[in-house]
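Quick mapping for you: the protein sequence lines, in order, are chains A and B. Heads up: the first sequence begins at 1 in the numbering used here, then just goes up one per residue. Heads up: the second sequence begins at 1001 in the numbering used here, then just goes up one per residue. Right, one structure below, let's go through it.
There are 2 protein chains.
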Amino acid sequence: MSRLISQEAARLAPYTPGEQPRDQQYIKLNTNESPYPPAPGVLAALAGAERERLELYSDPTCAALTQAAADFYGLEPDQVIAGNGSDELLSFAFRAFCGAGRGPVYADITYGFYKVWAQFYGLEPTVIPLREDFSLAVDDYLDARGTIFLANPNAPTGIALPTGEIRRLLEADRARLVVVDEAYVDFGAESCVPLIRDYDNLLVVQTFSKSRSLAGGRIGLAMGERALIDDLNRVKYSFNPYNVNRLSIAAGAAAMADRAYFERCTQAVARTREYTTEQLRALGFTVLPSKANFIFAKTECLGGKELYRRLKERGILVRHFDQPARITDYCRISIGSPKQMEALLAAIRALLEESEKEA
Amino acid sequence: MSRLISQEAARLAPYTPGEQPRDQQYIKLNTNESPYPPAPGVLAALAGAERERLELYSDPTCAALTQAAADFYGLEPDQVIAGNGSDELLSFAFRAFCGAGRGPVYADITYGFYKVWAQFYGLEPTVIPLREDFSLAVDDYLDARGTIFLANPNAPTGIALPTGEIRRLLEADRARLVVVDEAYVDFGAESCVPLIRDYDNLLVVQTFSKSRSLAGGRIGLAMGERALIDDLNRVKYSFNPYNVNRLSIAAGAAAMADRAYFERCTQAVARTREYTTEQLRALGFTVLPSKANFIFAKTECLGGKELYRRLKERGILVRHFDQPARITDYCRISIGSPKQMEALLAAIRALLEESEKEA
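Below, the structure is given as structure tokens:
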């Protein structure tokens, strides 16, 4: 830190993104990217007219992208806002819908950025522990005061809530906003987008980084009733109006337009997840029931940090979290291609044999 | 606004970007874009390898881009941070270097976003009026307490300060940060980047939207002593770590690498500016002495709003600001291609004839 930093900024506790090493070719199963390239139409869009107009500002309303998203979901374009990744939109939601006396409410084990944004905006969070089995019980949230942020499926557990449960939460207090972070919803969980027409206290946030194979394009969406989207635009125009560049707008619109490719990729990931889960369980692993493009798994034979470390030695990156204590035995493993997962399983079998010999 | 917006967000007063109309082909002289396409290497970079890896996150450190900028300026890469446009980095600077008891200090007439960010972060600004002739007098800032934000050249006046004056400000109080917003510096003003080695209380912010012909790519830079860049990274990693997408990193690096093209374009804009200024003065306009890629001009024959309106009717967009009162007679006119400026001059000649007949 410099001697000139403000006291407020000195107190920030930044997020640590997953490793992006450049020193070696790893099998990267640590940041939940897609093993598949973007839809073919994305490359075509990038070779198109937008490339010829880069000297002109991008459309601050991102109309081509919000229209494509609206078409996909049967919404109106003014029920959608696009962002520079869903992280930017979640941050805007913290700014728009939390404040003094109205902090964010979230689980103790969930997307690690929620607590960072709470600090970024000087908010008092309410943290509600997951149950013993890592499930999120809606009953624990019914009386919570503030703005609720739910990752569904949750990260890093992968466990999903049925929309009926979220509906129950929305009904419990119509004067309370529920933000559902659906970063991982497309791999087998139920989206809350269809509930938007019934609930003006629901905001759904999605990302193109997982199911749309565009992590490198930095595109996110938030969807909800018009007035909520107006509020987010109010924040966006107070922060960075031209927040999505021309090429990402074009790429995102093209990705949204190809439903068949999207379904093929997400279904393939779900199949690979089920296969990997079975194989790991056969090797004695505990694997939480995931609906995401990752699994959260542990073995009695090796600590979580040790598993991470030994896999990295073998050229495979997974993600380990040092805290909270009750997840330190686990590793979060992204679902890669079938070939990558076979390499993971082979490495794990070898590690288990090694550790048996050591014992 | 929704019924669920926070009190804090309801108080925001968002920035109004220049019009981006889609209903008609205008000669767009309202948002200070470049009339020239990006360097040829930019299109080549976009057709290159990054396009094939869009399913993977972009490098959160933007190493290729910060290295290219460091090479251009003779800095080290850790003296540079890249952003999603310079607006994002300026916003980060407000967060990193202002706080309670240490508000931002800026001119009454300057980039309109400074006051928006002050409100976004709940800061108390100190606003210092420009002198009668719209010049910024460093003497007025020597005793100011807070973090100083100077646009140099200033917007929308186009008037530049020599770096000697900024050096005087840096010397006056080494415990006070001066942020120099050099969005428009490349068209004939002096950059403060060479002062970075001497002053650890200097941060320089630049954009690719003007002199690098990449407004649609959304790329900005901040440069300063390592510890200041660390502080900005602290904010970035508390807000949106993957803030620049893969294609913009590649495009920005390629734009930085072609110094000859950059100099050709910026010099051409400066020549067109001088020509346009002479022509307008010959038509009786008052034109402030601009070093930017726009001019700020008024005529006695028509009010600023009326000039804006009548030019728009003729298919030419310029920018008019409703306040403060002492600039409402002016319009800000971006410097386009020579052909676009001839069209502007022809339209203005016709308007002046019309208004003479009316009188």
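All C-beta atoms, glycine included, are put in the ideal place defined by N, C-alpha and C. Quick caveat: nothing in here was measured; it's all calculated off a predicted structure.
Partner residues on chain B for residue i, Cβ-Cβ distance less than 9 Å
i	result
A:VAL235	ALA1009, LEU1012, PRO1014, PHE1120
A:PHE97	SER1002, LEU1004, ILE1005, SER1006, ALA1009
A:LEU221	Within 9 Å Cβ-Cβ: nothing; A:LEU221 doesn't reach chain B, min ~15 Å.
A:VAL178	What A:VAL178 touches in chain B: nothing, since even the nearest Cβ is about 10 Å away.
A:ASP322	Here the premise fails: no neighbours, minimum Cβ distance about 17 Å.
Residues that residue i contacts on chain A, provided the C-beta gap is smaller than 9 Å
i	result
B:PRO1156	The premise fails here: B:PRO1156 is roughly 17 Å from chain A at the closest Cβ pair, so nothing lies under 9 Å.
B:GLU1033	GLU55, LEU56, TYR57
B:ALA1227	MET1, SER2, ARG3, LEU4, ILE5
Identified DSSP bridge partners for residue i
i	result
B:PRO1104	B:THR1147
B:LEU1203	B:VAL1179, B:GLY1224
A:GLY99	A:ARG102
A:ALA297	A:VAL287, A:CYS331
B:THR1126	B:VAL1105
B:ALA1082	B:LEU1221
Contact set for residue i: own chain, Cβ-Cβ below 6 Å, skip 5 residues either direction
i	result
A:PHE97	THR147, LEU177
B:VAL1127	ASP1108
B:ARG1212	ALA1255
B:VAL1269	PHE1187, ASN1293, ILE1335
B:ALA1064	ILE1249, ALA1253
B:LEU1344	ILE1316
B:TYR1261	ALA1039
B:THR1276	MET1341
A:PRO129	ASP108
A:VAL185	SER191
Contacts that residue i makes with chain B (C-beta to C-beta distance below 7 Å)
i	result
A:ARG53	GLY1216
A:LEU317	Under the 7 Å cutoff, chain B gives no residues; its nearest Cβ is about 12 Å from A:LEU317.
A:ARG102	SER1006
Amino acids of chain B, ordered along the chain, whose beta-carbon sits closer than 8 Å to that of residue i
i	result
A:ALA93	Residues of chain B passing the Cβ test: none, with the nearest at roughly 10 Å.
A:TYR36	GLU1055
A:PRO60	PRO1017, GLN1020
Helix, strand or coil at residue i [DSSP, three-state]
i	result
B:LEU1283	coil
A:CYS62	coil
A:ALA93	helix
A:CYS265	helix
A:ALA45	helix
A:THR163	helix
B:HIS1252	As written in the sequence, residue 1252 of chain B is Gly, which differs from the His given in the question. Looking at B:GLY1252 - three-state DSSP - the assignment turns out to be helix.
A:LYS28	strand
B:ALA1118	helix
A:ARG319	strand
B:ARG1271	helix
A:ALA215	helix
B:VAL1193	helix
B:PRO1338	helix
B:THR1277	helix
A:VAL235	helix
B:ILE1229	helix
B:ASP1139	helix
A:ALA292	coil
Contact set for residue i: own chain, Cβ-Cβ below 7 Å, skip 5 residues either direction
i	result
B:ASP1337	Sequence inspection shows Ser at residue 1337 of chain B; the Asp mentioned does not correspond to that position. So the qualifying residues of the chain are PRO1035.
A:ALA215	GLU33, SER209
A:GLU263	none
A:ALA172	LEU142
Own chain residues within Cβ distance below 8 Å of residue i, not counting five before or after
i	result
B:ARG1326	ILE1109
B:ILE1229	ASP1078, GLN1079, VAL1080, ILE1081, ALA1222, MET1223
A:LYS305	HIS320, ASP322, THR328
A:GLY83	LEU89, PHE92, ILE219, GLY220, LEU221, ALA222, LYS236, ASN243, VAL244
A:ARG11	GLN119
Within chain A, the residues that residue i reaches when beta carbons sit closer than 8 Å
i	result
B:ASP1230	MET1, SER2
Cross-chain neighbours of residue i in chain A, by beta carbon under 7 Å
i	result
B:PHE1239	SER91, PHE120
(request) Check distances from the C-beta atoms of the stretch 1242 to 1265 of chain B to those of chain A and list, in chain order, the residues that come in under 8 Å. (result) TYR1242, ASN1243, VAL1244, ASN1245, ARG1246, LEU1247, SER1248, ALA1251
(request) Could you please tell me which residues of the stretch 199 to 215 of chain A, in chain order, have their CB closer than 8 Å to any CB of chain B? (result) ASP200, ASN201, SER209, SER213, LEU214, ALA215
(message) Using a Cβ-Cβ cutoff of 9 Å, what residues of the stretch 1016 to 1029 of chain B are near chain A? List them in chain order.
(response) THR1016, PRO1017, GLY1018, GLN1020, ARG1022, LYS1028
(request) For the stretch 1280 to 1297 of chain B, enumerate the residues whose C-beta is nearer than 8 Å to any C-beta of chain A, in chain order. (result) none
(request) Residues of the stretch 1063 to 1092 of chain B with a CB closer than 7 Å to any CB of chain A: list them in chain order, please. (result) ASN1084, GLY1085, ASP1087, GLU1088, SER1091
(request) May I ask you to list, following chain order, the residues of the stretch 327 to 349 of chain A that have a beta carbon less than 7 Å from some beta carbon of chain B? (result) none
(request) May I ask you to list, following chain order, the residues of the stretch 37 to 48 of chain A that have a beta carbon less than 8 Å from some beta carbon of chain B? (result) PRO37, PRO38, VAL42, LEU43, LEU46, ALA47
(message) Tell me which residues of the stretch 109 to 134 of chain A have at least one Cβ-Cβ distance to chain B shorter than 8 Å, keeping chain order.
(response) VAL116, TRP117, GLN119, PHE120
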